[in-house]
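Peer 1: First the structure, which I've put down as structure tokens, then a few questions once you've had a look.
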Amino acid sequence: MIRLAGIEHLFDTGQVSVPAPDLAALRLLGDRVRPLAGAGERTLPVPEALAGLIPQGGLQRGSTVATGGVAATSLALALAGPVTVAGSWVAVVGLPALGLLAASELGVDLERVLLVADPEPPGWAPTVAALLDAVEIVLVRPPARVAPSVQRRLTSRARDRGSVLLQVGGSTEAWAQAPDLVVSATAGSWVGLGPGHGRLQARRLEVAVTGRRGADRPRQATLWLPGPDGRITRAEPLAAPSRPEASVASVGPVGPAAGVGSGARSAPRPAAAPLPAPALLPAPLADAG
Amino acid sequence: MSGEVTRTLVVHSPDWPVTAAGVPAHEPAIVVRANRVLAASPAARRAGITTGLRRRESQRRCPQVAVLEHDPGRDARAFEPVASALDAVTPRVEVTRPGTLAFATRGPARYFGGDDALAERTGWMAAGAAGAHVAVRVGVADGAFAALLAAQRAHRGVEVAGPGGSAPAHLVVPAGGSPAFLAAHPVDALGEVVDQPDLLDVWRRLGLRTLGLVADLPAADVLARFGADGVTAHRLASGLDPRPLDARRPAPDLAVTREVDPPAEQVDRAAFVAKALADELHARLGADGLACTHVLVEAETEHGEHLARRWRHEGALTAGALADRVRWQLDGWLAGSATVRPTAGISRLTLVPVEVVAARGRQLGFWGGETLVDERILRAVARVQGTLGMEAVTVAELRGGRGPADRVARVPVAAVDLTAPRPAARPGTITEPWPGRVPAPAPATVPPEPEPVEVLDAAGRSVGVTGRATVTGAPARLSRPGRAPVAVAAWAGPWPVDERWWEPARHRRRARFQVVDDAGAAHLLAVEGGRWWLEATYD
């Protein structure tokens, strides 16, 4: 009996430890092996802290996204990071001033980043189109106005291939049609730097997400980008500064006057939302555009 | 062994990219590629500018220097008249790269009465075709590599003698004298012909500072330790041809040809055909496990003119390199001077692999599992390179350094293998400490060139940093050109950095500051020589 109990014990679920499956990795794997035909249902992963802000929980394939506000570049790099870690590629067209070291720190795997020199305006659209065919996210800042026909061609290319066109800062006025999703930082405050001492350590950022397709009701949150440990996390809202001596550069919202264009608007988009509150229901991709 | 070496004459024009750009010799000018000096005019060299220097450093040494972008098509275009002038000497002129060509001396030397007479005559003819005041040097030696170094030494001789000197523009290394001639040259000279900077670096660090020391190594040991590339370099250093004669195979009949209809008069259209043709040739050779080291580009025009030019490469020509050379050649014919331009459009283009070697390409994993990158990426890269140029697509690699711009390098995709893992792009590669490094987080915007700014204290005076690294006043206002001045809410510094003090030419002494303005934007500033620069922005 005793021996039998010992053997039974081996089969007891309580004692045998099965390593917990890495759900995130499994989901990514599933995403990658699913055929392209289902592109509309799929999203590209974003940092966890930002996932809750975006209606679909990630960047919808085939959509155009813009970042704006005081931390437009950091936000774009943060959004592009998880895709490279999952094994997909990201291309950057133009943007000679992009801080690649910051990209690495914000979670971008530089092994899977292609950097393309700024093409002359006539060569810009073909270059972006060629890259949309191959990589998951193309980071751009249009050098000139994008004609409606060119934009239609690029978005339909992105939709066919399931890639995302991500505008890094700048004005979204260059596009004939507003982006599907605008992730903008309305206000930021650095922590760690005092008058004559300290160093920049972390940044508390008010992030607002607006857009079409279920994102027309703006969502807001306070993030650490980057946090004191270098990671991107949610922060409690800055109602009462807990460390006034450390956070010296706390400032109010920065509006479009700061040269960020309509993409930085934190208020609800006035002309959007022809449909009532579809936030709960993920809008199908087919009726966009 | 010396029977294996082809006695070769090399015509070399130093700093050809500058000459091709049409810069007069007395004006300082540089041609840059990827922000580094590729070639400099004599006036610029006198001002202390050397090959490989950064653009900004060159402008510091010689403020009035004209900076020109590199255009391989322009180089080839300007060189075609020189190559076609020498067709009168021998039909076997081989262009190594724009600015350098070579041919075997065996027939012509006997015809013109010896190597010296041939070298002198070739020098005149090439200089006549290149134009007055263009430095054209000629070297004759056993092997193309030794001949190139002889031409370069002839150039140094002329430079040292000065304008009034009587140094000859050519140098003939006697038959059998190549190993002794090469022995005294530094090992870096191999960098001219083999694209193996890592190999040369290892040799240098092993104490093999001259070609003579390299040549003394037993060939079998070099093969065992450094592989096939090492053997090629070792053979060159020993004054031999890069490959033994039996390794060079007469090319099988693999010429590829294509009709161009309608005939192409513009380079763009012809280049499009050339690209497809180069890919086809490369694929056909690749299917047989071969790579091309010497290609003959032939073109026929509507009027029946027949144009041909040989291009040689010490290593094997990749599909991209092959396409580049064909495009340069077409540029030289179609957009060149009237003396070489055909009278009608090109109606047929043929590529003949004159000499092939066994390809030592990389084998892909059986399951395709080793490839990090799928075919789509490579295709897109090739397409973008086709329209914007080979240098237009880069990848990032992390480097050691202090400032945010120093710590990342953009490397052309053509120079890396996208299908292999690239540890240099992973964080944690740089383990060495860099004291004085700007601490994390890194700024997200780092302009390629820093922006000049002004930093004033509360009394409106410019803030300075003393030799003891203290500020003369607390920064209170930051003004950037074209923007309203902003108040400084918080700042830290100076963080002094004294870099490369052991190397006067690259010595930099500056102090960095982090600044947050009243709008919440954070910047990285640097003060150097009393001037303030905005190095990066934390946006």
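These protein sequences, in sequence, are chains A and B. So the first sequence is numbered by this note's numbering: it starts at 1 and just counts up by one. So the second sequence is numbered by this note's numbering: it starts at 290 and just counts up by one. From the three backbone atoms N, C-alpha and C, an ideal C-beta is built for every residue, glycine too. In this text, all values refer to a predicted model and were calculated from it rather than measured experimentally.
#1: Which of helix, strand or coil does DSSP assign to PRO290 (chain A)?
#2: Please return the same chain residues whose Cβ sits closer than 8 Å to the Cβ of PRO370 (chain B), not counting the five positions on each side in sequence.
#3: Answer with yes or no whether the minimum CB distance from GLN803 (chain B) to chain A is below 8 Å.
#4: Which two residues bound the contiguous beta strand (DSSP E) that contains GLN618 (chain B)?
#5: Buried or exposed for LEU26 (chain A), please, with buried defined as at least 16 other CB atoms from any protein chain shown within 10 angstroms of its CB.
#6: Which partner residues does CYS581 (chain B) have in the DSSP bridge list?
#7: Using the DSSP secondary-structure output, state which residues sit across from THR546 (chain B) in a beta bridge.
#8: Whose CA, out of B:GLY593, B:SER636, B:ALA572, lies closest to the CA of LEU606 (chain B)?
#9: Is the segment 576 to 596 of chain B touching the segment 627 to 646 of chain B in the sense that three or more CB pairs, one from each, lie closer than 8 Å?
#10: By Cβ distance below 8 Å, which residues in the same chain neighbour VAL300 (chain B) in space, the five residues on each side in sequence not counted?
#11: Alpha carbon to alpha carbon, what distance is there between LEU471 (chain B) and VAL754 (chain B)?
#12: Using DSSP bridges, identify the partner residues of TRP224 (chain A).
#13: Can you grab the Cα-Cα spacing for the pair THR155 (chain A) / PRO126 (chain A), in whole Å?
#14: Going residue by residue through the segment 146 to 216 of chain A, where are the continuous alpha helix (DSSP H) segments of at least 4 residues, counting only ones entirely within it?
#15: Which residues of chain B have a Cβ atom closer than 8 Å to the Cβ of LEU223 (chain A), listed in chain order?
#16: Below 8 Å on the Cβ atoms is my guess for PHE623 (chain B) versus ALA544 (chain B); work out the distance and round it to an integer in Å.
#17: So is GLU105 (chain A) buried or exposed if we call it buried at 16+ other beta carbons inside 10 Å?
#18: Give the straight-line distance between the Cα atoms of VAL70 (chain A) and TRP224 (chain A), rounded to the nearest whole angstrom.
#19: To the nearest angstrom, how far is it from the Cα of PRO380 (chain B) to the Cα of ARG395 (chain B)?
#20: In this structure, how does DSSP classify LEU506 (chain B) when only helix, strand and coil are distinguished?
#21: Nearest-angstrom Cα distance between ARG366 (chain B) and ALA612 (chain B)?
#22: Please specify which runs of the beta strand (DSSP E), each continuous and at least 3 residues long, are wholly inside the segment 742 to 783 of chain B, giving them in chain order.
#23: For a contact defined as C-beta to C-beta under 9 Å, what are the partners of ARG159 (chain A) on chain B?
#24: Report the option in A:ALA78, A:VAL93, A:LEU193 whose CA atom is closest to the CA atom of SER184 (chain A).
#25: Hey, is TRP124 (chain A)'s beta-carbon within less than 8 Å of any beta-carbon in chain B?
#26: So that I know if they touch, is there some Cβ in chain A lying closer than 8 Å to that of ALA400 (chain B)?
#27: Using DSSP with H/G/I as helix, E/B as strand and the rest coil, what is ILE666 (chain B)?
#28: Is there contact between the segment 191 to 209 of chain A and the segment 771 to 782 of chain B, where contact requires at least three CB pairs shorter than 8 Å?
#29: With DSSP run on the structure shown, which of helix, strand or coil describes GLN555 (chain B)?
#30: Can you pull the chain A residues whose beta carbon is under 7 Å from the beta carbon of ARG696 (chain B), in chain order?
#31: Whether or not the segment 712 to 721 of chain B and the segment 331 to 347 of chain B are in contact is what I'm after, with contact meaning three or more pairs of Cβ atoms, one per stretch, closer than 8 Å; do they touch?
#32: Output the distance between the C-alpha atoms of LEU28 (chain A) and GLU206 (chain A), rounded to the nearest integer angstrom.
#33: Measuring only between beta-carbons, confirm whether ALA685 (chain B) sits less than 8 Å from chain A.
#34: Any chance you could list the beta strand (DSSP E) runs of at least 3 consecutive residues sitting entirely within the segment 290 to 351 of chain B, in chain order?
#35: So what does DSSP say about GLU427 (chain B), is it helix, strand or coil?
#36: Is there at least one Cβ from chain B nearer than 8 Å to VAL146 (chain A)'s Cβ?
Peer 2: On the basis of the data shown:
#1: Any property of residue 290 (chain A) remains undetermined from this structure, which presents chain A solely from 1 to 289.
#2: So the list reads ALA418, ALA419, GLY625, SER626, THR628, VAL629, once near-sequence residues are dropped.
#3: yes
#4: From DSSP, GLN618 (chain B) is part of no beta strand (DSSP E) but of the alpha helix (DSSP H) over 608 to 623.
#5: With fewer than 16 Cβ atoms within 10 Å of its Cβ, LEU26 (chain A) is classed as exposed.
#6: B:LEU606, B:VAL645
#7: Note: THR546 (chain B) sits in a beta bridge opposite B:THR639.
#8: B:ALA572
#9: yes
#10: Hits under 8 Å: VAL371, LEU375, THR389, LEU390, ALA391, THR411, GLY412, ALA415, VAL425, ARG426, VAL427, ALA440.
#11: 52 Å
#12: A:ARG204, A:THR233
#13: 13 Å
#14: 148 to 161
#15: Going along chain B, no residue has its Cβ under 8 Å from LEU223 (chain A), so there is no contact; the nearest lies around 14 Å.
#16: In the sequence on display, residue 623 (chain B) carries Leu and not Phe. At roughly 21 Å, the Cβ-Cβ gap does not stay under 8 Å, so LEU623 (chain B) and ALA544 (chain B) are not in contact.
#17: buried
#18: 14 Å
#19: 13 Å
#20: coil
#21: 16 Å
#22: 764 to 768
#23: The contacting residues do not exist; ARG159 (chain A) stays about 17 Å from chain B at best.
#24: A:ALA78
#25: Not one chain B Cβ lies under 8 Å of TRP124 (chain A).
#26: A small correction: the amino acid at residue 400 (chain B) is Tyr; Ala does not occupy that position in the sequence shown. Not an interface residue.
#27: helix
#28: yes
#29: coil
#30: Within 7 Å of the CB of ARG696 (chain B), the CB atoms of chain A belong to LEU101, in sequence order along the chain.
#31: no
#32: 29 Å
#33: yes
#34: 296 to 301, 318 to 322, 325 to 329
#35: For clarity, residue 427 (chain B) is Val in the given sequence; the question names Glu instead. Residue state, collapsed to three classes: strand.
#36: no
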